[in-house]
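The opening residue of the sequence shown carries number 18 in the numbering used here; numbering runs sequentially from there. Just so it is clear, CB atoms sit at the ideal spot from N, CA and C, and this is done for glycine as well. From a predicted model like this one, the values you see are computed outputs, not experimental measurements.
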Amino acid sequence: MYFKIPNKREIRYAWNAGGPVITTSIIIACVAVWLVEIVTCAFMPTVFSAIVNWGMAVPVVMVQRPWTWLTSMFLHAPNVLHILFNMLTLWSVGPMLERMLGHWRFLALYLISGLGGAAGLMVWARLASDWSLAAYGASGALFGLFAAVLVVFRRVGEDIRSMLVWMAVNFAMPFVISGIAWQAHVGGFIAGGVLAMLLTSGIPTLRGRSLTQRMAIYGGAIVVVLVAVILLCAPHF
């Protein structure tokens with residue numbers, strides 16, 4: 018597996034050729050934020066706490082801080098394993114999906130899956146009456162990408178056994194390592210999987226529409242549903 022930060026000409030060429038420009042940008046952004054976390058954690062702990070508290074997804078205040086569903090996707094624990102595992106996972110599935118969907122549609126899938134992860138946290142907080150939940154990391158969005166890959170592989174008849182093994186490892190991690198927000202994994206997986214199924218099958222009358230149009234219609238509908246779920250499950254004090 019090889020990864021490098023491209024220059025401007027390489028970015029332009031990769032964009033036109035369908036290369037993993039968005040995937041690379043997400044990785045660079047996540048690593049940059051993580052480096053800021055590392056530096057502030059070591060030398061400015063108050064600043065580090067402020068960054069994490071401002072950016073992580075906390076169901077009890079998610080409606081009051083609506084940006085956190087997005088910012089939490091770029092925060093990671095100040096240890097190398099969390100960021101390394103998530104970015105390797107993104108690089109293993111992102112380029113293929115970005116090439117298949119196109120840059121902006123891939124970004125839409127990623128962000129909608131991340132919103133699904135936030136909704137998953139909120140649903141569990143409501144069902145379990147556990148408002149102490151808090152999470153950050155790209156895992157919710159990554160599980161949405163996993164689900165999309167499964168849907169596409171099944172549709173084209175590809176062998177998905179290796180992907181199932183990799184997914185099983187990811188799903189099993191919360192049972193081995195404490196502190197992992199599996200609720201975000203489930204929420205992201207459902208959101209990404211439903212969107213992928215709609216894009217590949219969906220309503221018969223919309224199958225003649227372009228992929229961009231279908232992404233706008235189905236993606237917009239899923240966003241509305243996820244926002245409604247978050248609002249309905251949010252605490253009312």
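Taking C-beta separations shorter than 7 Å and ignoring five residues to either side along the sequence, the partners of GLY236 in its chain run ALA125, ILE129 and LEU212, following chain order. DSSP, read as helix, strand or coil, puts ALA74 in strand.
Runs of the alpha helix (DSSP H) lying entirely within the region 31–62 and spanning at least 4 residues, in chain order: 38–60. Boundaries of the alpha helix (DSSP H) harbouring PHE123: 120–145, taken from the DSSP string. Checking the DSSP bridge columns, you'll see ALA152 partnered with ALA74. Membership of ILE234 in the alpha helix (DSSP H) is indicated by the continuous run 228–250.
Going by DSSP, GLY225 is part of no alpha helix (DSSP H) at all; its letter is neither H nor E. Here the C-alpha atom of GLY134 lies approximately 22 Å from the C-alpha atom of THR217. In this structure GLN230 is not in contact with GLY137, their Cβ atoms being roughly 28 Å apart against a cut-off of 8 Å. LEU249 is classed as exposed because its beta carbon has fewer than 16 other beta carbons within 10 Å across all chains shown. Annotation: the continuous alpha helix (DSSP H) that includes MET214 extends over 199–217. Taking a 10 Å sphere around the C-beta of VAL241, we find fewer than 16 other C-beta atoms and assign the residue as exposed. No residue range can be given for TRP84, since it is assigned to no alpha helix (DSSP H) and is classified by DSSP as neither H nor E.
If you compare the alpha carbons of PHE91, ALA238, LEU98 and LEU150 with that of GLY209, the shortest gap goes to ALA238.
Under the 10 Å beta carbon count, THR85 is surrounded by 16 or more other beta carbons and is classified as buried. The beta carbons of LEU150 and ALA142 sit about 5 Å from each other, so the pair counts as a contact at 8 Å.
The alpha-carbon of MET61 is positioned some 22 Å away from that of MET90. A Cβ-Cβ separation of about 15 Å leaves MET214 out of contact with ARG122 under the 8 Å criterion.
Put simply, the backbone Cα of MET79 is about 22 Å away from that of GLU54. Between ILE44 and MET104, the gap from beta carbon to beta carbon is short of 8 Å. When the five nearest sequence neighbours on each side are left out, the beta carbons in the same chain lying within less than 7 Å of the beta carbon of CYS47 are those of PHE91, HIS93, ILE100, MET104 and ALA155, in order along the chain.
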